[in-house]
Amino acid sequence: MAGPNRADFWNSMMKIDRRIIFLFIFVAISVPMFLQIQLKIPTSPEVESLVATLDKLPDGARVLVSLDYDPGSEPELQPMAETFFGYALKRKFKVIVIGLWPQGPIQAERAKPIAETQAGRQFEYGIDYVNLGYQAGNELVIQRMGSSIPQTFPVDYFGKPITEFPIMQGVTNFSNIDYVFNLSAGYPGTVEWVLFAVDRFNIVLGAGNTAVQAPQVYPYLGKQLKGILGGMKGGAEFEILTGLPGRAVKYMTGQTFAHTIIVLFIIIANIAYFTTRKKEQGGLS
Amino acid sequence: MSTLGIWVGALLTLGILSFLYKDNPFYKLSESIFLGISAGYWFVSLYYQSLLPKLFDNLGITKMMGASETDGALQSLFIHGRWDPNLWYLIAGALGIMMLLRLIPKAGWISRWPLAFVVGTTAGLYFTRYLASNAFSQINATLKGFVVFGQPGFFGWANLNNLILLIGVVSGLTYFYFSKEHKGIVGGAAKVGIYFLMVTFGASFGYTVMSRMSLLIGRLDFIYGAWLGLLR
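Line by line, the protein sequences give chains A and B.
Okay, so the first sequence: first residue is 38 according to this note's numbering, each after it adds one.
Okay, so the second sequence: first residue is 6 according to this note's numbering, each after it adds one.
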């Protein structure tokens with residue numbers, strides 16, 4: 038390429054229409070959906086830690102699942118909910134669902150049948166699954182559950198008194214819960230569970246977060262948080278480690294392609310910037 | 006989801022995505038529908054999930070209106086002569102009404118009282134929790150053995166991690182130490198702290214990109230799968 042032509046190329050790269058980048062991203066995400074490409078997804082220590090904690094629980098353990106998100110975060114968190122329910126079915130866990138967000142319990146009802154189909158087994162409502170619904174009050178709900186879960190949630194999502202359900206027999210507070218799994222998209226969510234339940238009532242907590250929220254909860258990893266599923270990647274790793282591949286694994290190919298395109302454009306933009314700047318400085322001198 | 010629901014969802018998705026090309030009336034219509042429905046949804050949701058069960062049902066106002074047969078706190082007090090703890094909701098209701106007085110300019114100052122209550126309780130609640138979880142526990146987690154024995158090789162990954170943690174914490178704190186001019190050793194440490202902060206921001210930005218891509222994947226999956234039926 039001749040000198041002036043090369044300069045023109047980098048100049049045009051500096052002025053590239055953002056819609057061209059959008060088009061590349063659109064193609065990068067769309068094509069893998071039709072080609073069924075499957076990339077290798079390596080697992081990370083934070084997801085391995087979460088699954089290891091789950092694996093240590095005895096079959097039939099009583100777990101509390103708090104779904105603190107709405108449909109806006111569904112692509113990231115719903116696959117995690119489906120996988121967790123699938124895993125719970127496999128291990129015959131007793132699952133108690135709550136929501137600190139109004140739409141959380143609805144998301145649970147949407148995830149349940151998908152998990153049941155995948156696992157080939159159904160939850161028996163009231164015996165190995167109950168949805169206690171939403172309670173207003175954010176972190177105060179967690180605080181109150183530490184004193185009494187039946188007083189905090191006197192009726193379930195469908196309006197039935199929770200004392201009617203065998204799964205709730207003997208459940209007074211967090212001391213009767215073996216593990217808490219929180220799916221969180223913001224406030225109230227994982228941070229509040231750590232502050233008001235882990236450090237106060239010594240619960241064992243694992244969390245799945247939107248990618249935006251994940252860096253905020255990473256400092257709790259270790260003693261306060263026994264594993265994190267960060268965004269879609271975390272969800273995909275969770276599916277692989279539990280042996281229940283689902284939507285997150287399927288979506289990760291598009292995710293990888295899109296990230297590759299973004300990285301390429303960042304590199305091109307930097308080369309263009311330094312090349313054109315050098316030329317401008319040369320021209321000035 | 007019904008066929009109509011899928012069509013409405015798909016057309017509104019396309020309407021919002023059309024903004025990527027340029028601003029247009031289809032986008033504005035979709036945006037306005039979204040805003041209007043969101044406001045309506047939240048109003049109904051808050052009424053049915055908070056106001057109705059917490060305030061009206063607990064106090065017995067729904068029974069007074071003939072919409073329920075269950076006694077509330079007011080019936081307990083005035084009919085059965087019993088104290089019901091749910092009567093505390095009268096105070097919560099009063100605070101709520103005081104908050105709404107913000108809408109009346111002359112009585113707007115009254116809304117400061119419930120606001121003060123909320124700020125006071127939240128501050129009190131969070132003070133101890135933040136101190137315990139975000140200060141003491143974090144400091145405790147940072148105090149790690151500088152050399153971990155039993156690692157493969159003399160200098161295992163755990164040792165390297167602990168070293169990075171130590172340098173990151175010390176240099177990051179130095180950057181936010183403003184009582185001494187950032188020159189010499191302090192300046193050097195602060196500069197290292199800046200690099201650590203930049204890595205943190207970069208990781209955070211990377212996660213944000215992943216999050217946004219996930220949302221787009223979710224929408225495209227809906228369009229290709231649920232709407233167009235092109236995916237198996």
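Note that CB positions come from ideal geometry on N, CA and C, so glycine has one too.
Task: Beta bridge counterpart(s) of leucine 266 (chain A) as assigned by DSSP - done: Indexing the first sequence from 1 puts residue 266 (chain A) at position 229. In the DSSP output, where bridge partners are listed per residue, leucine 266 (chain A) has A:Gly245.
Task: Contacts that valine 100 (chain A) makes with chain B (C-beta to C-beta distance below 8 Å) - done: Numbered from its first residue, the first sequence carries residue 100 (chain A) at position 63. By Cβ distance, chain B contributes nothing, its closest Cβ being about 22 Å from valine 100 (chain A), past 8 Å.
- [ ] Within its chain, find whatever has a CB closer than 8 Å to the CB of glycine 211 (chain B); leave out the 5 residues flanking it on each side and keep chain order.
- [x] Numbered from its first residue, the second sequence carries residue 211 (chain B) at position 206. Excluding residues within five positions, none has a Cβ falling inside 8 Å.
Task: Pair within 8 Å by beta-carbon distance, isoleucine 135 (chain A) and phenylalanine 190 (chain A) - done: Residue numbering aside, residue 135 (chain A) sits at position 98 when the first sequence is read from its first letter. Residue numbering aside, residue 190 (chain A) sits at position 153 when the first sequence is read from its first letter. The Cβ atoms of isoleucine 135 (chain A) and phenylalanine 190 (chain A) lie closer than 8 Å to each other.
Open item on the list: Quick check on the burial criterion: 16 or more other C-beta atoms within 10 angstroms. Buried or exposed for leucine 262 (chain A)?
Closed with: Indexing the first sequence from 1 puts residue 262 (chain A) at position 225. It counts as buried.
TODO: For leucine 258 (chain A), name the three-state secondary structure that DSSP assigns.
DONE: Against the first sequence, residue 258 (chain A) aligns to sequence position 221. DSSP places leucine 258 (chain A) in strand when its eight states are reduced to three.
TODO: Write down every uninterrupted run of the alpha helix (DSSP H) in the stretch 83 to 136 of chain B whose length is 4 residues or greater and which is fully enclosed by it, in chain order.
DONE: You should have 94 to 105, 117 to 135.
Open item on the list: Measuring straight from C-alpha to C-alpha, what distance separates tryptophan 47 (chain B) and serine 221 (chain A)?
Closed with: Numbered from 1 along the second sequence, position 42 holds the residue referred to as residue 47 (chain B). Numbered from 1 along the first sequence, position 184 holds the residue referred to as residue 221 (chain A). Taking the straight line from one Cα to the other gives about 19 Å.
- [ ] Please list the residues of the stretch 129 to 157 of chain A that have a C-beta atom closer than 7 Å to any C-beta atom in chain B, keeping them in chain order.
- [x] Cβ contacts with chain B: Pro139.
Open item on the list: Against chain A, which members of the stretch 28 to 46 of chain B pass a CB distance test of less than 9 Å?
Closed with: When CB distances to chain A are screened at a threshold of 9 Å, not a single residue of the stretch 28 to 46 of chain B falls below it.
- [ ] Give a yes or no on whether 8 Å exceeds the smallest Cβ distance from serine 209 (chain B) to chain A.
- [x] What you label residue 209 (chain B) is simply residue 204 of the second sequence in a count that begins at 1. Put simply, the CB of serine 209 (chain B) is near chain A, with a gap under 8 Å to one of its CB atoms.
Open item on the list: Below 8 Å on C-beta distance, what does aspartate 89 (chain B) contact in chain A?
Closed with: Residue numbering aside, residue 89 (chain B) sits at position 84 when the second sequence is read from its first letter. Contact note: aspartate 89 (chain B) does not reach chain A at a C-beta cutoff of 8 Å; the least C-beta distance is about 14 Å.
TODO: List the residues of chain B that glycine 259 (chain A) touches, going by C-beta distances under 8 Å, in chain order.
DONE: Here residue 259 (chain A) corresponds to residue number 222 of the first sequence, with the count starting at 1. Simply Ala146.
TODO: Count the CB pairs spanning the stretch 179 to 195 of chain A and the stretch 234 to 242 of chain A that are closer than 8 Å, and state whether there are at least three.
DONE: In short, these stretches touch, since the Cβ pair count reaches three.
Task: Contacts of alanine 173 (chain A) in chain B (Cβ-Cβ under 7 Å) - done: What you label residue 173 (chain A) is simply residue 136 of the first sequence in a count that begins at 1. Below the 7 Å Cβ cutoff, chain B contributes Gln54, Ser55, Lys59 as neighbours of alanine 173 (chain A), in chain order.
Task: aspartate 226 (chain B) at chain A interface by Cβ criterion, 8 Å - done: One-based indexing of the second sequence puts residue 226 (chain B) at position 221. Yes - at least one Cβ of chain A is within 8 Å of the one on aspartate 226 (chain B).
Open item on the list: Please report whether the beta-carbon of alanine 251 (chain A) lies at a distance below 8 Å from any beta-carbon of chain B.
Closed with: Position 214 of the first sequence, counted from the first residue, corresponds to residue 251 (chain A). Judged by the 8 Å Cβ criterion, alanine 251 (chain A) is in contact with chain B.
- [ ] List the endpoints of the continuous beta strand (DSSP E) containing tyrosine 46 (chain B).
- [x] Against the second sequence, residue 46 (chain B) aligns to sequence position 41. Looking at the DSSP string, tyrosine 46 (chain B) is not in any beta strand (DSSP E); the run it does join, the alpha helix (DSSP H), is 30 to 51.
TODO: Starting from leucine 232 (chain A), find everything on chain B with Cβ-Cβ shorter than 9 Å and list it in chain order.
DONE: Within the first sequence, the letter at position 195 stands for residue 232 (chain A). Chain order gives the chain B residues near leucine 232 (chain A) as Tyr131, Arg134, Tyr135, Ala137, Ser138, Asn139, where near means a beta carbon separation below 9 Å.
Task: Residues of the stretch 292 to 316 of chain A with Cβ closer than 8 Å to any Cβ of chain B, in chain order - done: Legend: CB atoms of the stretch 292 to 316 of chain A lying less than 8 Å from CB atoms of chain B belong to residues Gln292, Ala295, His296, Ile299.
TODO: Show which residues of chain A have a CB atom less than 9 Å away from the CB atom of isoleucine 190 (chain B).
DONE: In the second sequence, the residue the question calls residue 190 (chain B) occupies position 185. Per Cβ cutoff of 9 Å: no residues; isoleucine 190 (chain B) is ~27 Å from chain A at best.
TODO: Could you spell out where the alpha helix (DSSP H) holding leucine 171 (chain B) opens and where it closes?
DONE: Taking the second sequence and counting its residues from 1, the one referred to as residue 171 (chain B) is at position 166. Where leucine 171 (chain B) is concerned, the enclosing alpha helix (DSSP H) stretches over 162 to 180.
Task: Min CB distance lysine 270 (chain A) to chain B below 8 Å - done: By 1-based counting over the first sequence, the position of residue 270 (chain A) is 233. Yes, lysine 270 (chain A) lies at the interface with chain B (some Cβ there is under 8 Å from its Cβ).
Task: Test: phenylalanine 211 (chain A) CB closer than 8 Å to a CB of chain B - done: Along the first sequence, one-based indexing puts residue 211 (chain A) at 174. No, its Cβ sits nowhere closer than 8 Å to a Cβ of chain B.
Open item on the list: By the 7 Å beta-carbon criterion, what residues does the stretch 271 to 291 of chain A contribute toward chain B?
Closed with: Those would be Tyr288, Gly291, in chain order.
- [ ] Express the C-alpha separation of threonine 127 (chain B) and alanine 152 (chain A) in angstroms, rounding to a whole number.
- [x] Indexing the first sequence from 1 puts residue 152 (chain A) at position 115. Indexing the second sequence from 1 puts residue 127 (chain B) at position 122. Computed Cα separation, rounded: 38 Å.
Open item on the list: For a cutoff of 8 Å on Cβ pairs, would you count glycine 267 (chain A) as touching chain B?
Closed with: As a first step, residue 267 (chain A) is located in the first sequence; it is residue number 230 there, counting from the start. Closer than 8 Å to some Cβ of chain B, the Cβ of glycine 267 (chain A) qualifies, so yes.
Open item on the list: Any beta carbon of chain B sitting closer than 8 Å to that of glutamate 111 (chain A)?
Closed with: Locating residue 111 (chain A) in the first sequence gives position 74, where the first residue counts as 1. At a cut-off of 8 Å, the C-beta of glutamate 111 (chain A) has a neighbouring C-beta in chain B.
Task: Span separating the alpha-carbon of alanine 309 (chain A) from that of tryptophan 47 (chain A) - done: Within the first sequence, residue 309 (chain A) is the residue found at index 272, counting from 1. Within the first sequence, residue 47 (chain A) is the residue found at index 10, counting from 1. Going by C-alpha positions, alanine 309 (chain A) is about 5 Å away from tryptophan 47 (chain A).
Open item on the list: Quick test of the definition: if touching needs 3 or more C-beta pairs under 8 Å, does the stretch 93 to 100 of chain A touch the stretch 10 to 22 of chain B?
Closed with: Of all C-beta pairs linking the stretch 93 to 100 of chain A to the stretch 10 to 22 of chain B, fewer than three are shorter than 8 Å, placing the two stretches out of contact.
- [ ] With distances taken Cα to Cα, identify the nearest neighbour of asparagine 63 (chain B) among B:Gly45, B:Leu95, B:Ile84.
- [x] Within the second sequence, the letter at position 58 stands for residue 63 (chain B). Asparagine 63 (chain B) has its Cα closest to that of B:Leu95, out of B:Gly45, B:Leu95, B:Ile84.
TODO: Whole angstroms is fine: what's the gap from glutamine 323 (chain A)'s alpha carbon to proline 82 (chain A)'s?
DONE: Because chain A spans 38 through 322 in this model, residue 323 (chain A) falls outside it and cannot be assessed.
- [ ] Identify each residue in the stretch 95 to 122 of chain B for which the Cβ-Cβ distance to at least one residue of chain A is less than 7 Å, and report them in chain order.
- [x] Along the stretch 95 to 122 of chain B, none of the residues has a CB nearer than 7 Å to a CB of chain A.
Task: Stretch pair the stretch 270 to 287 of chain A + the stretch 113 to 126 of chain A: three plus CB contacts closer than 8 Å - done: Three or more beta-carbon pairs drawn from the stretch 270 to 287 of chain A and the stretch 113 to 126 of chain A are found closer than 8 Å, and the two stretches are therefore classed as touching.
Task: Buried or exposed (CB count within 10 angstroms, at least 16 for buried), tryptophan 230 (chain A) - done: Mapped onto the first sequence, residue 230 (chain A) falls at position 193. By the C-beta density criterion, tryptophan 230 (chain A) is buried, having at least 16 other C-beta atoms within 10 angstroms.
Task: Secondary structure of leucine 56 (chain B), DSSP reduced to three states - done: Here residue 56 (chain B) is taken as the residue at index 51 of the second sequence, counted from 1. If DSSP states are grouped into helix, strand and coil, leucine 56 (chain B) belongs with the helices.
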